[in-house]
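Asks:
Number of protein chains: 4
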Amino acid sequence: MRSTTKPASRPRKTPIQERSTITVEAIIEATSQILVESGLDRFSTDRVARRAGVSIGTLYQYFPNKETLVYSLVERYLDARDQALEDTCKALAGRPVEELVTGIVNSYVDSKLDHIELAAALYAAAMETGASAIVKRTSDRCCQAISEALAYSTGYPETITKFPAVMLFGSMGQTTREVLLLGGNPQQIQSLREHLAMLCCSYINSWLSEQERPAKQ
Amino acid sequence: MRSTTKPASRPRKTPIQERSTITVEAIIEATSQILVESGLDRFSTDRVARRAGVSIGTLYQYFPNKETLVYSLVERYLDARDQALEDTCKALAGRPVEELVTGIVNSYVDSKLDHIELAAALYAAAMETGASAIVKRTSDRCCQAISEALAYSTGYPETITKFPAVMLFGSMGQTTREVLLLGGNPQQIQSLREHLAMLCCSYINSWLSEQERPAKQ
Amino acid sequence: MRSTTKPASRPRKTPIQERSTITVEAIIEATSQILVESGLDRFSTDRVARRAGVSIGTLYQYFPNKETLVYSLVERYLDARDQALEDTCKALAGRPVEELVTGIVNSYVDSKLDHIELAAALYAAAMETGASAIVKRTSDRCCQAISEALAYSTGYPETITKFPAVMLFGSMGQTTREVLLLGGNPQQIQSLREHLAMLCCSYINSWLSEQERPAKQ
Amino acid sequence: MRSTTKPASRPRKTPIQERSTITVEAIIEATSQILVESGLDRFSTDRVARRAGVSIGTLYQYFPNKETLVYSLVERYLDARDQALEDTCKALAGRPVEELVTGIVNSYVDSKLDHIELAAALYAAAMETGASAIVKRTSDRCCQAISEALAYSTGYPETITKFPAVMLFGSMGQTTREVLLLGGNPQQIQSLREHLAMLCCSYINSWLSEQERPAKQ
DNA sequence: GATGAATGAGAGTTCATTCAT
DNA sequence: TATGAATGAACTCTCATTCAT
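The listed protein sequences correspond, in order, to chains A, B, C and D.
Here my numbering runs 1012 ahead of the position in the first sequence, where the first position is 1.
Here my numbering runs 1012 ahead of the position in the second sequence, where the first position is 1.
Here my numbering runs 1012 ahead of the position in the third sequence, where the first position is 1.
Here my numbering runs 1012 ahead of the position in the fourth sequence, where the first position is 1.
1) According to DSSP, simplified to helix, strand and coil, what is M1210 of chain C?
2) Since V1048 of chain C contacts A1137 of chain C with CB under 8 Å, what's their CB separation in whole angstroms?
3) Does K1228 of chain C come within less than 8 Å of chain D when only Cβ atoms are used?
4) Who are the neighbours of F1175 of chain B on chain A, taking C-beta pairs under 7 Å?
5) With a threshold of 16 other CB atoms inside 10 Å of the CB of G1195 of chain A, please say whether the residue is buried or exposed.
6) Of the residues C:S1044, C:E1222, C:C1155, which one's Cα is nearest the Cα of T1100 of chain C?
7) Mind listing the chain A neighbours of K1148 of chain B? Cutoff is C-beta to C-beta under 8 Å, in chain order.
8) Nearest-angstrom Cα distance between A1132 of chain A and A1042 of chain C?
9) Pairing CB atoms from the segment 1103-1120 of chain C with CB atoms from the segment 1071-1088 of chain C, are three or more of them under 8 Å?
10) For the candidate residues B:I1216, B:E1222, B:Q1223, B:S1221, whose alpha-carbon lies nearest to that of L1112 of chain B?
11) Using only the alpha-carbon positions, how far apart do V1191 of chain D and T1035 of chain D sit?
12) Does any C-beta atom of chain A lie closer than 8 Å to the C-beta of Q1199 of chain B?
13) Taking the alpha-carbon positions, what's the W1219 of chain D to P1198 of chain C distance?
14) T1187 of chain C and M1210 of chain D - do their beta-carbons sit closer together than 8 Å?
15) Could you give the DSSP three-state label for A1145 of chain A: helix, strand or coil?
16) Just the chain B side, please: which residues come within less than 9 Å of E1190 of chain A by C-beta, in chain order?
17) What's the C-alpha gap between M1010 of chain A and K1148 of chain A?
18) My guess is that S1123 of chain A and A1105 of chain A are in contact by the Cβ rule of under 8 Å, so how many angstroms apart are they, rounded?
19) Could you check whether the Cβ of L1211 of chain C sits closer than 8 Å to any Cβ belonging to chain D?
20) For P1244 of chain A, name the three-state secondary structure that DSSP assigns.
21) What does the Cβ neighbour count give for A1092 of chain B, buried or exposed, with the cut at 16 atoms within 10 Å?
22) Assuming Y1079 of chain B and C1213 of chain B are in contact, meaning their beta carbons sit under 8 Å apart, how far apart are those beta carbons, in whole angstroms?
23) Would you mind telling me which residues of chain A sit closer than 7 Å to S1218 of chain B, beta carbon to beta carbon, in chain order?
24) Give me the subset of the segment 1124-1138 of chain B whose CB atoms are less than 8 Å from a CB atom of chain A, sorted by chain position.
25) So what's Y1120 of chain B in DSSP terms, helix, strand or just coil?
26) Tell me the rounded alpha-carbon separation between A1161 of chain D and D1152 of chain D.
27) Indicate whether L1125 of chain D and L1085 of chain D have their beta-carbon atoms separated by less than 8 Å.
28) Measure the Cβ-Cβ separation of L1090 of chain A and T1150 of chain A and say whether it is below 8 Å.
29) Would you give the residue range spanned by the alpha helix (DSSP H) that G1195 of chain C belongs to?
30) Would E1087 of chain C be called buried (16 or more neighbouring beta carbons within 10 Å of its own) or exposed?
31) Go ahead and label G1065 of chain B buried or exposed: buried means 16 or more other beta carbons lie within 10 angstroms of its beta carbon, across all protein chains shown.
32) Which of the three DSSP states is assigned to P1176 of chain A in this structure?
33) Would you mind stating whether Q1223 of chain B and Y1164 of chain B have Cβ atoms separated by less than 8 Å?
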């Protein structure tokens, strides 16, 4: 992807009319399809416009440059994931840690399974195109949600639960990807859920028991 | 980067004169620098050649196409990581699991720290360019090494240690990346090592104690 | 010219606005000029675009690759020749052979004279670039037309007039080229017409008289 | 083929030593093979050198540029054809025209058959690369030989036999090529010989009888 | 608002040729 | 004399983006 030096601006125009909304949706859908089918190479504004059934000029009326297209998609996808995770955290905050952690794991795995191919394609796309800022922002949001829920459930202040939250979030990401690469059949997914729950719970328990006797350290 | 279907062939010409060995090294070094500085966009064969101080023709005498440049680098980097991990596994195979797992964690973190910027840049680069095949291959190699060492240390057959190995390997990857994104100062790195060791050890212990009483499950 | 195996596809885009029709004509005209002036070497898409007064991008919007440029021209030129020959054949079919053959000769020479330089340049160009398929196709078309007219005028079935048709067509091609190479002044052209008519007529007459007494052979 | 502006110079060095001769022969043979196999595109000095088993530097020691390679081959091939034709003309000069003309036809067809593939490849190659000068020169030589023999056999001065000679020579070229394109099986070749002989003889006879009564014209 | 023709910088790659070894 | 590493101009083609209609 040719990286122009322009800052990644938000969509140029906020669709207000009905028709515009349809157009924008068609464009984003086309973006998604092409990214999944062909990856970031072979991804061109021209193809997106044609697939969306609009002219290239129209596309540029709603998305000021190529990057914005990918950004919109990445953001939309990650927002959904974050939202689900936050909801889970809010729903389970205050419950026993093991229950909380297991809930988080399942929410995370579920959100990946929802859009398997898109997840993989976006992951690669996000690395390029400077979308890593978005990735960082949403990662932070997830860690924040986990950290808060953890603090609520354990009684520890958030300053302390921050790091374990990062560890939990980090553990889920690549293990899930790895298992999907292994084939991702239902049985493997089930194993993933169980092992991930076990891994996260035992880690949190270890960490908790260590917190109880900090003097020894 | 255009991912054509052409196979990522090995360097086109094996240097025979000493002069050309220097040239090849210069090209690889330039590839690395530009990838780190500017990412996969803005990465062009032209820039690489100029940075390496050779003509574009010379570059193409040793690397048949652009992809091969990135491949060479990814492969070289991952091979080093794999080698270190394998060495650690071999050295610690048969020792108590906790010692083994801690050793693996430290080896992994060390290899990332060795080339911090390069690691990040290559990670992104590898996602595109079809180098994901290489990534998969080397991941498998790591999981294999971990799995074998785990089998040796626990007495369980490798068929059983396979999945936990994948979980361990997966856990290390993104957590490390996440912490480096957080800034990666020495103190954070230290925390990472401790938490990662704790996470991995407690997971393996949980898993072991579950294995002992499979009937109850 | 690199003859890749990609099929010589038809122009990429059919002009819909009037503006683009002009553009396409300008490009074909430029192709013709450059081919005539400089031959197939020194023929580059860049030069064509510049000569046509359009950007290189515009050129590629209508011609998917370099070969298509030459193909279009070859085809257009040969089609005109074939059409003229077919018209002549149809008009003279049924008339005495001598009249028919003389008509064919003149039609052929006329079509060459119409675009003297272009004919020479295209001839060379067609040999390369895989346009030889087009050459073969149009040659066949000419031979077919001649063969049919010959059958009609002589009463022999077409299976028998086929070969003489090829001989007639073949005789005209290089002799005309040869005479043009000699300078091609009006007097030479006139001699060419006369000798070619004589050559073709006497050949057909010989062949006819041989057909009448096949037993003796 | 990139046309450099340099004049087409003769081979740089005349091989005097045994070894050099072998090298030069190997290079010419490689040129021939590659031209036949792959045509004028994909023909590169590099490939020729590799095929000939010599270094690119050595190639340039005997052939100052790429064109010279093709020239040598074209010249060598056409010289052989011309020589054969001249020999035939000398041998048959003074014999009855029909015998002469038939001999010429067979000599011409034979020389084409000798190197069928090479003939086709060279024909295309000669059109490009400015070798057309050579083609013209050797064509002239053939026409000259035919013209002289015709003069000798008919008693007419050479100024008069010149044009018929061109017509005869021209008739043979494309008809032969055309028949080879048709498949060129032995039966077709035999037909070609017969029809070509008939065509040429009847033409010459017509021309002769016209010469006898010029007043009527 | 929508269209699509036009733009042109820039990318990847080739290959004839030179020259130090 | 032979080698082959190095050169770089030239070439084909793409694609993000603009703007007249």
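In this text, a Cβ means the ideal position worked out from N, Cα and C, and glycines have one as well.
Replies: Reading it off the structure:
1) The answer is helix: DSSP assigns M1210 of chain C an H, G or I state.
2) With a Cβ gap of about 10 Å, V1048 of chain C and A1137 of chain C do not count as contacting.
3) Any answer about K1228 of chain C is weak, because its pLDDT of 45 lies below 50 and its placement is not dependable; what the coordinates show is given next. With respect to chain D, the C-beta atom of K1228 of chain C has no partner C-beta closer than 8 Å.
4) Near F1175 of chain B (Cβ distances below 7 Å), the residues of chain A are S1203, H1207.
5) Exposed is the call here.
6) Considering only alpha carbons, the answer is C:C1155.
7) Within chain A, the residues whose beta carbon sits less than 8 Å from that of K1148 of chain B are L1193, listed in sequence order.
8) Linking A1132 of chain A to A1042 of chain C through their CA atoms gives a straight-line distance of about 48 Å.
9) With the cut-off at 8 Å, the segment 1103-1120 of chain C and the segment 1071-1088 of chain C do not touch.
10) The candidate whose alpha carbon is nearest that of L1112 of chain B is B:I1216.
11) For the pair V1191 of chain D and T1035 of chain D, the Cα-to-Cα distance works out to about 37 Å.
12) In terms of beta-carbon proximity, Q1199 of chain B stays away from the interface with chain A, with every pair separated by 8 Å or more.
13) Going by the C-alpha atoms only, they are around 21 Å apart.
14) Between M1210 of chain D and T1187 of chain C, the C-beta spacing is not below 8 Å.
15) Residue state, collapsed to three classes: helix.
16) Here the neighbours are S1151, C1155, V1178, M1179, F1181, G1182, G1185.
17) In the structure as shown, chain A begins at 1013 and stops at 1229. Residue 1010 of chain A is therefore absent and cannot be evaluated.
18) That belief does not hold up - the Cβ atoms of S1123 of chain A and A1105 of chain A are roughly 19 Å apart, past 8 Å.
19) So, interface residue.
20) This structure cannot settle anything about residue 1244 of chain A, because the visible part of chain A is limited to 1013 through 1229.
21) Taking every protein chain shown into account, the CB of A1092 of chain B has fewer than 16 other CB atoms within 10 angstroms, so this residue is exposed.
22) Note that residue 1079 of chain B corresponds to Glu in the displayed sequence, not to Tyr. The pair is not a contact, with the Cβ atoms about 40 Å apart (cut-off 8 Å).
23) For S1218 of chain B, the neighbours in chain A by C-beta distance under 7 Å run, in chain order, M1210, S1214.
24) The residues in question are Y1135, A1136.
25) Secondary structure of Y1120 of chain B (DSSP, three-state): helix.
26) When only Cα atoms are considered, A1161 of chain D and D1152 of chain D end up about 14 Å apart.
27) Not in contact: L1125 of chain D and L1085 of chain D (Cβ atoms no closer than 8 Å).
28) Pairing L1090 of chain A with T1150 of chain A gives a Cβ-Cβ distance under 8 Å.
29) Bounds of any alpha helix (DSSP H) do not take in G1195 of chain C, whose DSSP letter is neither H nor E.
30) Flag for E1087 of chain C reads buried.
31) The residue is exposed, with fewer than 16 neighbouring Cβ atoms inside 10 Å.
32) Of the three classes helix, strand and coil, the one that applies to P1176 of chain A here is helix, per DSSP.
33) Contact flag unset, no.
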